[in-house]
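Chemist: Structure provided below as structure tokens; questions to follow.
There are 2 protein chains.
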Amino acid sequence: MAADRDVAAWLEKFGKALARPDIDAASKLFDDECHWRDLVAFTWTLKTFEGRDEIKAMLSATLAGARPAGFAQLGAASGANGATEAWFAFETGAGRGTGHLRLRNGRCWTLLTTLQELKGFEEKSGAARERGVDHGAQPGRASWFERRQAEAKALGTERQPYVLIVGGGQGGLALAARCKRIGVPALVIEKNERAGDSWRKRYRSLVLHDPVWYDHMPYLPFPDHWPVFTPKDKMGDWLEMYARVMEIDLWTSAKCLRASWDAQAAEWTVQVNRGGELFELRPQHLVLATGMSGFPLVPQIPGADAFGGRIVHSSQFGGGEDWRGKHCVVLGSNNSAHDIAADLWEHGAMEVTMVQRSSTVVVTSDALMEHAWGRLYSQAAVDSGIATEIADLTVASVPFKLLPSFQKPVYEAIRKRDAALYAGLEKAGFKYDFGEDGSGIHSTYLRRGAGYYIDVGASQLVVDGSIKLKSPAEIQSIGEKSVRLSDGAELPADLIVYATGYGSMNQWAGELISPEVAAKVGRCWGLGSGTRHDPGPWVGELRNMWKPTAQAGLWFMGGNLMQARHYSLYLALQLKARLEAIPTPVYYVDPVHHP
Amino acid sequence: MAADRDVAAWLEKFGKALARPDIDAASKLFDDECHWRDLVAFTWTLKTFEGRDEIKAMLSATLAGARPAGFAQLGAASGANGATEAWFAFETGAGRGTGHLRLRNGRCWTLLTTLQELKGFEEKSGAARERGVDHGAQPGRASWFERRQAEAKALGTERQPYVLIVGGGQGGLALAARCKRIGVPALVIEKNERAGDSWRKRYRSLVLHDPVWYDHMPYLPFPDHWPVFTPKDKMGDWLEMYARVMEIDLWTSAKCLRASWDAQAAEWTVQVNRGGELFELRPQHLVLATGMSGFPLVPQIPGADAFGGRIVHSSQFGGGEDWRGKHCVVLGSNNSAHDIAADLWEHGAMEVTMVQRSSTVVVTSDALMEHAWGRLYSQAAVDSGIATEIADLTVASVPFKLLPSFQKPVYEAIRKRDAALYAGLEKAGFKYDFGEDGSGIHSTYLRRGAGYYIDVGASQLVVDGSIKLKSPAEIQSIGEKSVRLSDGAELPADLIVYATGYGSMNQWAGELISPEVAAKVGRCWGLGSGTRHDPGPWVGELRNMWKPTAQAGLWFMGGNLMQARHYSLYLALQLKARLEAIPTPVYYVDPVHHP
């Protein structure tokens, strides 16, 4: 095949240029418009380089340390989006990687390089799995259970964890599982009573808005009969089981009170309240896996203190059953606002009013399944042999800069598919959009982690007036039994739900460490796209996520289940390299950003 | 390929002969020596037919009801053991099946027909999986958690289970999982506090003697890093997790006190003590999944009552840690006897003596991995694409009559491989064999469910005298601090372990139902091979296992993890067919047998 020849030729030239090394020759293999996304392999961080100059600068700094070699095509090349693309294997001095290449006219348009394992510290699985028992007689040996009990008991008391992970949701558990598999002593502390409670304690009608194929945890995929959309309690049970089966060291009912960095000792001092008992831990790395949705944004509205009904943030909302026959006002118009408004309506609230402050991206779940997930995360994808790991790497292979252009046609199709729904929303006065540049939900999620509703039925309730709408509007003040809106209307209210979203994960650094460290590290998440709630400058990766921050020993882990699964690998490898004293020269740290 | 042509031609002729129907023509397609093993597809039981006459008789009786059709080869035919073999699909009036065929000179030597699913009651998985949520607004709807809670609460109280499964080990849970997936209301009662305790409560050094590839539960295979040999507590945790994730309805701390068959109502009355509270259940089917190793055989030895030390059956033995510096006597020489003797020695017992009553099949675990498991249950098998289901069906395709001839070469190779060990055992006076006909452990297991040791190190302790041996010998009487053996020797003893095995599962019928029902049903397990502990007549399948018994509504579920996984399918389908009133004319019930 011509495509295969092109790819083979490019990889050979590229490998040779890097080996000589001839950075100029290497850079000439790239197109004028070119993007190289590196996940830990060359740069020991997550970073996308745009244009030949950035690539040359990166190679000049990293090549001697990275020692890349062995570039070899994996599988057959294919043509898509006017480009030839192919997977390849490669290695560096420290590890082995997987890469992806898109060529245009024989030159590289996009390049992805990812570190997959560290040499000498490969995961023991398949043929290399552990035996589980040493045959033969060994005086005094302990059983698996005794060893496991002793190990769990010692960690955090007699023996300090190398990594302390704050938060036992999907992010913390995925990272801990990966750490366990490559021998990084990690302890997870979870403030709730049980693993999975971060899901169980959300509002009762919550069901994952992403389909099952997107949501597998590492190592232990859901079985083949798992429902497409996982109900929250079922997800909680799965995570609880996962922690046990993966032998994750987890303290439940354990709250992080305070952490401070001891620069001298290069370790953290962390105060933990575990079920009423105080512990001081001394990990070398602190991972905040406290959740994108961990830090509720609660607006301060005049009169709230004197309100005669109940005010809850969406994160504290249980279910609609207590509000039958009552007047309910939901402030906000994203996922939680819609789910909660629908739940209240389903339970017979007298009146449910959604107060929409600004425009929302609305896409039906069915449309996403058809047009967005289908190619990579669906039964059809599984049946056609696309493994979850390949799907994840395929997503990773699209540089964030190009993502909008990849996504716009999807949303144009969706807009046509659900034209009737959008007409209805417009008629109802609901403000919707497809992202400022029409690139839809995925872009919006990366830019601001909020601002959308994956419609599973509530939009129809808005359209037909079952959920009343005020838009655009704000709650200006709260009376004893009412709210007054910015348009002058006054609504009776027994319940006010603030579905007003969450702060940056960085706020956790402020809360748990210090305002100084929070200031030093800056905001988490966001690409710097210059769109609403995602001010520039452009950084091209999610700020501070899964990679070194401005604060030594401090890491952020978060995001949806796909991100927890995929990016936990890179964070675990970064931690393992440090544990094993493998040099990890970090090429770049995000400049501090405060919105 | 000639092999494929032969198979296609045979299947076409066979299908046509059955369709006409022309039983004589069908029978002529079989070789003089021929075996047809049917698992529920034609006969609604598990039965192997030997020779043309048995096959003709079976077809005469079953063909009109079974309505087989659509025989179609699956995959490529292959040659092995001097025969051409191939997989095929077929269907019956009630369901769809998978079959396996071995041809010799164009005629059928062995045929396997298995029912895999019932038409109209297919499992919902893959593309047919449930959604997990109904999108759209539905007033008053319950969440998954609420529905699941209500369902679990109602079963056994407001709503009677269709099937009551006594015992929550691998057998009971595998069956319950399959029942759940095809909509058979089944309740498992487990006498222990937690699912998995039947493993946890065994002796502390216990580790599965079969490798991980053999031990997967249905639907949810162990992850790829799971150790080769699963330690008992880890197995217990896995089963506990399994019950939860598969949404099995399970009562723990629930003991079956008494069951009686109400022939009028065609249902059971079952008294259950659940955590101190008494329940009366009325299931239509009662499955005893109480374990092959559920009913300890405890010898009555004179003087035992006055013994000043401790006597335990192997099932009650905890671990060697309490017996440092003590004199220990282990009666028996099979798996548990060896494991326990080695554990005592490892913990520094002063003296450990194994009292061997009769010859034992001894094979090292490594030899089994190399020569016995490897082709079907190993990493190599997985890597070459042999799915667990195919491995199970391949095992099932060998009629029990032929199994010894398939197995003997394996054990000849093993005998050579481990010649040094066997010479050592002989020198130490240990009586070993390879089964009466040299067909090894698998045969021995099927014939009597005991009589072997899969060596994981203790044999070497016997060889070098670390474990002392008396063989052949019996304990004739017990003194205050000693045992007297049949050879006249007297040994000091602080601990006596009866590693004397377990009774037939049928004893549970006697204990839980009545001696009359136990007598009517007869012994469970065993093929009637006419070898020691497996007296004839030959029945060719395991007696009473996973199939209709002489007692209406009574079923036995048991065996190792592979059997739990594989045979639970056929039992679940038999139960589902009855639930849906699909005709299930049972062609044959084992004649009652009492050894």
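Going line by line, the protein sequences match chains A and B. Going by the working numbering, the first sequence opens with residue 175, and the numbers climb by one from there. Going by the working numbering, the second sequence opens with residue 175, and the numbers climb by one from there. By construction, the Cβ of each residue, glycine as well, lies at the ideal position given by its N, Cα and C atoms.
(1) Taking only beta-carbon atoms, is A:Ser-252 less than 7 angstroms away from chain B?
(2) Is B:Arg-378 close to chain A? Criterion is C-beta to C-beta, closer than 7 angstroms.
(3) Buried or exposed: B:Gln-438, going by 16 or more other Cβ atoms within 10 Å of its Cβ?
(4) For the segment 573 to 618 of chain B, which segments carrying the alpha helix (DSSP H) assignment without a break, of at least 4 residues, lie completely within its bounds, in sequence order?
(5) Suppose the cutoff is 8 angstroms on Cβ atoms and the five residues either side in sequence are ignored; what does the same chain contact list for A:Ala-316 look like?
(6) Where do the ends of the alpha helix (DSSP H) carrying A:Phe-319 lie?
(7) At a CB-CB cut-off below 7 angstroms, which residues of chain B make contact with A:Leu-635?
(8) Just the Cα atoms here: how many angstroms apart are B:Ala-440 and B:Ala-433?
(9) Let me see if you follow: with CB-CB separation under 7 angstroms, is B:Thr-404 close to chain A or not?
(10) Grouping DSSP H, G and I as helix and E and B as strand, with all else coil, what is B:Trp-547?
(11) Which term fits B:Lys-644, buried or exposed, when burial requires 16 or more other beta carbons within 10 angstroms of its beta carbon?
(12) Return the residues of the segment 542 to 553 of chain B that lie within a Cβ-Cβ distance of less than 7 angstroms from chain A, sorted by chain order.
(13) Could you tell me which whole beta strand (DSSP E) segments of length 3 or greater appear in the segment 359 to 428 of chain A?
(14) Buried or exposed: A:Thr-331, going by 16 or more other Cβ atoms within 10 Å of its Cβ?
(15) Name the DSSP beta bridge partners of A:Phe-204, please?
(16) Short of 7 angstroms Cβ to Cβ, which residues in the segment 392 to 421 of chain A face chain B?
(17) If we ignore side chains and look at the alpha-carbon of each, how far apart do B:Pro-242 and B:Gly-189 end up?
(18) Could you list the residues in the segment 297 to 310 of chain B with a C-beta less than 7 angstroms from some C-beta on chain A, going in chain order?
(19) I need the boundaries of the alpha helix (DSSP H) containing B:Ser-857, first residue and last residue.
(20) From what residue to what residue does the beta strand (DSSP E) around A:Arg-484 run?
(21) Specify, as a first and last residue, the run of the beta strand (DSSP E) that B:Phe-295 falls within.
(22) Kindly indicate the opening and closing residues of the beta strand (DSSP E) around A:Ile-756.
(23) Any beta-carbon of chain B closer than 7 angstroms to the one on A:Glu-520?
(24) According to a CB-to-CB cut-off of less than 7 angstroms, which residues of the segment 642 to 667 of chain B neighbour chain A?
(25) Any idea which residues DSSP pairs A:Ser-651 with across the strands?
(26) Against chain B, which members of the segment 524 to 538 of chain A pass a CB distance test of less than 9 angstroms?
(27) Roughly how many angstroms separate the alpha carbons of A:Val-472 and A:Val-386, rounded to a whole number?
(28) Consult DSSP for A:Thr-562 and reduce its assignment to one of helix, strand or coil.
(29) Using 8 angstroms as the threshold, is the segment 459 to 470 of chain A in touch with the segment 338 to 350 of chain A, meaning 3 or more CB pairs across them?
(30) Among A:Pro-405, A:Leu-669, A:Leu-233 and A:Leu-285, which has the Cα closest to the Cα of A:Thr-839?
(31) Got a sec: is the Cβ-Cβ distance from B:Ala-516 to anything in chain A below 7 angstroms?
(32) Quick check: what's the CA-CA separation for B:Met-409 versus A:Arg-589?
(33) Work out the CA separation of B:Val-766 and B:Arg-194 for me, nearest whole Å.
(34) If we define contact as Cβ-Cβ less than 7 angstroms, is B:Ser-317 a contact residue for chain A?
(35) Using 8 angstroms for Cβ pairs, my map puts A:His-768 next to A:Pro-666. What's the rounded Cβ distance?
(36) Ignore the nearest five residues each way along the sequence and tell me which others in B:Val-526's own chain have a CB closer than 6 angstroms to its CB.
Modeler: This is what the structure holds:
(1) no
(2) yes
(3) exposed
(4) 577 to 591 and 593 to 602
(5) Ala-324
(6) 318 to 328
(7) Ala-311
(8) 13 angstroms
(9) yes
(10) helix
(11) buried
(12) Gln-553
(13) 360 to 363
(14) exposed
(15) A:Cys-282
(16) Tyr-393, Leu-394, Pro-397, Asp-398, His-399, Trp-400, Pro-401, Val-402, Phe-403, Thr-404, Pro-405, Asp-407, Lys-408, Asp-411, Trp-412, Met-415, Arg-418 and Val-419
(17) 8 angstroms
(18) Glu-297, Lys-298, Ser-299, Gly-300, Ala-301, Arg-303, Glu-304, Arg-305, Gly-306, Val-307, His-309 and Gly-310
(19) No answer is possible for residue 857 of chain B: it lies beyond the span of chain B, which begins at 175 and ends at 769.
(20) 484 to 487
(21) No beta strand (DSSP E) contains B:Phe-295, which DSSP labels as neither H nor E.
(22) Note, A:Ile-756: premise wrong, no beta strand (DSSP E); not H, not E.
(23) yes
(24) none
(25) A:Arg-658
(26) Thr-538
(27) 32 angstroms
(28) helix
(29) yes
(30) Shown here, chain A extends from 175 to 769; a query on residue 839 of chain A therefore has no answer.
(31) yes
(32) 51 angstroms
(33) 36 angstroms
(34) yes
(35) With a Cβ gap of about 40 angstroms, A:His-768 and A:Pro-666 do not count as contacting.
(36) Cys-502, Ala-515, Leu-518, Trp-519 and Ile-641
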